[in-house]
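Undergrad: Position in the sequence shown (first residue = 1) + 707 = this note's numbering. Ideal placement from N, C-alpha and C gives every residue a C-beta, glycine not left out.
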Amino acid sequence: MRRRLPFSPWHLLLMPLALLFVLPLVQMVLTSFMSSAEINQFPPKLIPTSLHLEGYRALLTETPALRWFGNTVLVSTVAVLAHLVLCSMAGYGFARLKFAGRGLAFLVIVATVMIPIQLLMIPTYLMFARLGIVDTLASAFVPWLASAFGIFLMRQFFLALPAELEEAARIDGCGTWRTFRSIVLPLARPALATLAVFTLLSSWNDLLWPLIAISDDNRFTLQVGLANFQGMRRTEWSQLMAGNVLATAPLILAFLFAQRKFIATMTFSGLKG
Numbered sequence: 708m709r710r711r712l713p714f715s716p717w718h719l720l721l722m723p724l725a726l727l728f729v730l731p732l733v734q735m736v737l738t739s740f741m742s743s744a745e746i747n748q749f750p751p752k753l754i755p756t757s758l759h760l761e762g763y764r765a766l767l768t769e770t771p772a773l774r775w776f777g778n779t780v781l782v783s784t785v786a787v788l789a790h791l792v793l794c795s796m797a798g799y800g801f802a803r804l805k806f807a808g809r810g811l812a813f814l815v816i817v818a819t820v821m822i823p824i825q826l827l828m829i830p831t832y833l834m835f836a837r838l839g840i841v842d843t844l845a846s847a848f849v850p851w852l853a854s855a856f857g858i859f860l861m862r863q864f865f866l867a868l869p870a871e872l873e874e875a876a877r878i879d880g881c882g883t884w885r886t887f888r889s890i891v892l893p894l895a896r897p898a899l900a901t902l903a904v905f906t907l908l909s910s911w912n913d914l915l916w917p918l919i920a921i922s923d924d925n926r927f928t929l930q931v932g933l934a935n936f937q938g939m940r941r942t943e944w945s946q947l948m949a950g951n952v953l954a955t956a957p958l959i960l961a962f963l964f965a966q967r968k969f970i971a972t973m974t975f976s977g978l979k980g
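1. Assuming contact is defined by CB atoms lying nearer than 8 Å, are Trp-851 and Ala-789 in contact in what I supplied?
2. Enumerate in chain order the residues of its own chain whose CB-to-CB distance from Val-849 is below 8 Å, with the five nearest sequence positions on each side excluded.
3. Given 8 Å as the limit, is there contact between the stretch 785-802 and the stretch 856-866, that is, 3 or more CB pairs closer than that?
4. Does any residue of chain C bring its CB to less than 8 Å from the CB of Thr-770?
5. Rounded to whole angstroms, what is the Cα-Cα separation between Ser-783 and Trp-911?
6. How many Å lie between Glu-761 and Trp-944 at the Cα?
7. Does the distance from the CB of Leu-726 to the CB of Ile-754 come in under 8 Å?
8. List, from N- to C-terminal side, the alpha helix (DSSP H) runs of 4 residues or more that fit wholly inside the stretch 916-967.
9. Below 8 Å between beta carbons: does that hold for Arg-803 and Phe-865?
10. Helix, strand or coil: which one does DSSP assign to Gln-748?
11. Give me the residue from Trp-916, Ile-890, Thr-906 and Ala-853 with the minimum Cα distance to Cys-794.
12. Less than 8 Å between the beta carbons of Glu-745 and Thr-756, yes or no?
13. Do the stretch 947-962 and the stretch 892-901 touch if we need at least three Cβ pairs shorter than 8 Å?
14. Keeping to the same chain, check which residues put their C-beta closer than 8 Å to that of Asp-842; ignore five residues upstream and five downstream.
15. Take Ser-743 and list the residues in its own chain whose beta-carbon comes closer than 6 Å to its own, dropping the five residues that flank it on each side.
16. Which runs of the alpha helix (DSSP H) at least 4 residues long sit entirely within the stretch 734-807? Give them in chain order.
17. Pick helix, strand or coil for Ala-836, following the three-state DSSP scheme.
18. Assuming Gly-810 is part of the alpha helix (DSSP H), what are its boundary residues?
19. With H, G and I counted as helix, E and B as strand and the rest as coil, what does DSSP make of Val-910?
20. Taking the alpha-carbon of Leu-960 as reference, which of Leu-719, Met-821 and Leu-907 has the nearest alpha-carbon?
21. To the nearest angstrom, how far is the alpha carbon of Arg-888 from that of Ala-934?
22. Going by C-alpha to C-alpha distance, which of Leu-872, Gly-880 and Pro-897 sits closest to Ile-890?
23. Going by Cα to Cα distance, which pick from Met-722, Leu-947 and Leu-929 is closest to Ala-772?
24. So which of Ser-846, Lys-752 and Phe-856 has the shortest CA-CA distance to Leu-791?
25. Beta-carbon separation of His-759 and Met-741 under 8 Å?
What follows is the structure, encoded as structure tokens:
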């Protein structure tokens with residue numbers, strides 16, 4: 708059967724599953740170009756009779772959506788850069804450097820993944836209030852400076868790298884920092900790309916914590932701003948769908964750009980550890 712098919716038999720299963728995930732995205736885009744009357748029509752229409760830009764026009768003129776978008780870009784950029792720097796350094800330290808309590812420290816860090824984020828919100832809010840950064844963008848990106856998952860991912864990748872490469876660098880006179888910067892980091896590009904994608908997705912879509920920490924409309928992230936379109940008695944569906952398209956498009960582009968690195972990391976890091 709495989710010789711007769713121009714593709715793998717697994718595609719017969721994966722293609723219908725892929726359509727199930729793509730259809731809501733396509734419907735969201737189509738709905739963003741519907742008028743309010745078409746959106747509220749019953750039975751609902753799947754394809755607009757004509758393209759309407761009411762939702763996009765209202766989103767850009769009646770709300771500070773571009774400011775929200777800029778705030779989200781700033782928060783996500785700081786989160787991604789901080790993760791790449793801090794998690795790679797911590798992961799390399801746990802993978803290669805020998806120091807007292809290394810195993811216990813790593814176990815404690817990984818164990819924090821099992822703590823529900825809701826339990827940490829009140830202590831975090833009180834700490835940020837004492838620091839004076841509540842209701843600022845700093846309160847949105849400081850919790851994303853590093854994560855236990857990022858440290859774990861980078862450590863697993865570094866453990867899979869041949870130690871002989873670093874030993875050869877040390878023989879040539881490279882210190883620990885130069886070995887890490889010049890030898891290890893260039894080889895860790897797939898893992899760094901994967902970590903960047905995961906961090907971007909999480910920080911970009913974060914809603915609960917910014918909703919608690921930020922109350923100024925001008926400092927809202929995009930997700931918090933879009934949540935205000937949903938009320939108890941009325942929902943601005945056209946603006947909401949247009950905002951969702953605006954919020955989703957950068958994530959799709961980022962994943963398409965880094966998908967090869969993402970797959971390479973998942974394959975390579977599973978070889979060891």
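TA: Taking the geometry as given:
1. Numbered from its first residue, the sequence shown carries residue 851 at position 144. Numbered from its first residue, the sequence shown carries residue 789 at position 82. Contact flag set, yes.
2. As a working note, residue 849 is residue 142 in the sequence shown. Excluding sequence neighbours, Val-849 sits near Phe-835 and Ile-840.
3. Judged by pairs of C-beta atoms under 8 Å, the stretch 785-802 touches the stretch 856-866, as three or more such pairs exist.
4. As a matter of chain content, chain C is missing from the structure shown, which is built from one protein chain.
5. As a first step, residue 783 is located in the sequence shown; it is residue number 76 there, counting from the start. As a first step, residue 911 is located in the sequence shown; it is residue number 204 there, counting from the start. So the alpha carbons of these two residues sit roughly 6 Å apart.
6. Locating residue 761 in the sequence shown gives position 54, where the first residue counts as 1. Locating residue 944 in the sequence shown gives position 237, where the first residue counts as 1. In this model, Glu-761 and Trp-944 are separated by some 11 Å (Cα to Cα).
7. Locating residue 726 in the sequence shown gives position 19, where the first residue counts as 1. Locating residue 754 in the sequence shown gives position 47, where the first residue counts as 1. No.
8. You should have 929-934.
9. Here residue 803 refers to the residue found at position 96 of the sequence shown. Here residue 865 refers to the residue found at position 158 of the sequence shown. Annotated as proximal: Arg-803 and Phe-865, with beta-carbon spacing under 8 Å.
10. Counting from 1 along the sequence shown, the entry for residue 748 is found at position 41. DSSP, reduced to helix, strand and coil, places Gln-748 outside both helices and strands of the structure shown, so it counts as coil.
11. As a position in the sequence shown, residue 794 is number 87, starting the count at 1. The candidate whose alpha carbon is nearest that of Cys-794 is Ala-853.
12. For the purposes of this step, residue 745 is taken as residue 38 along the sequence shown, with counting starting at 1. For the purposes of this step, residue 756 is taken as residue 49 along the sequence shown, with counting starting at 1. Yes, Cβ-Cβ distance for Glu-745 and Thr-756 is below 8 Å.
13. Between the stretch 947-962 and the stretch 892-901 there are fewer than three C-beta pairs closer than 8 Å, too few to call the two in contact.
14. The residue you call residue 842 lines up with position 135 of the sequence shown. Taken in chain order, the residues that qualify are Ala-920, Ile-921, Ser-922, Asp-923 and Arg-926.
15. As a position in the sequence shown, residue 743 is number 36, starting the count at 1. By the criterion of a C-beta distance shorter than 6 Å, Ser-743 is surrounded in its chain by Ser-945, once the five residues flanking it on both sides are discounted.
16. Runs of the alpha helix (DSSP H) inside the stretch 734-807: 743-746, 761-769, 772-789 and 795-803.
17. Numbered from its first residue, the sequence shown carries residue 836 at position 129. Here Ala-836 sits in helix by DSSP.
18. The residue labelled residue 810 in the question sits at position 103 within the sequence shown. Its alpha helix (DSSP H) spans residues 809-818.
19. The residue you call residue 910 lines up with position 203 of the sequence shown. The sequence given here places Ser at residue 910; Val does not occur at that position. In the structure shown, Ser-910 sits in a helix (DSSP, three-state: H, G or I).
20. For this step, residue 960 is matched to residue 253 along the sequence shown. The shortest Cα separation from Leu-960 among Leu-719, Met-821 and Leu-907 belongs to Leu-907.
21. Against the sequence shown, residue 888 aligns to sequence position 181. Against the sequence shown, residue 934 aligns to sequence position 227. C-alpha separation (whole angstroms): 42 Å.
22. Counted from its first residue, the sequence shown places residue 890 at position 183. Measuring from the Cα of Ile-890, the nearest candidate turns out to be Leu-872.
23. By 1-based counting over the sequence shown, the position of residue 772 is 65. Per the Cα distances, Leu-929.
24. By one-based count along the sequence shown, residue 791 stands at place 84. It is Phe-856 whose Cα lies nearest to the Cα of Leu-791.
25. Along the sequence shown, one-based indexing puts residue 759 at 52. Along the sequence shown, one-based indexing puts residue 741 at 34. Contact: yes.
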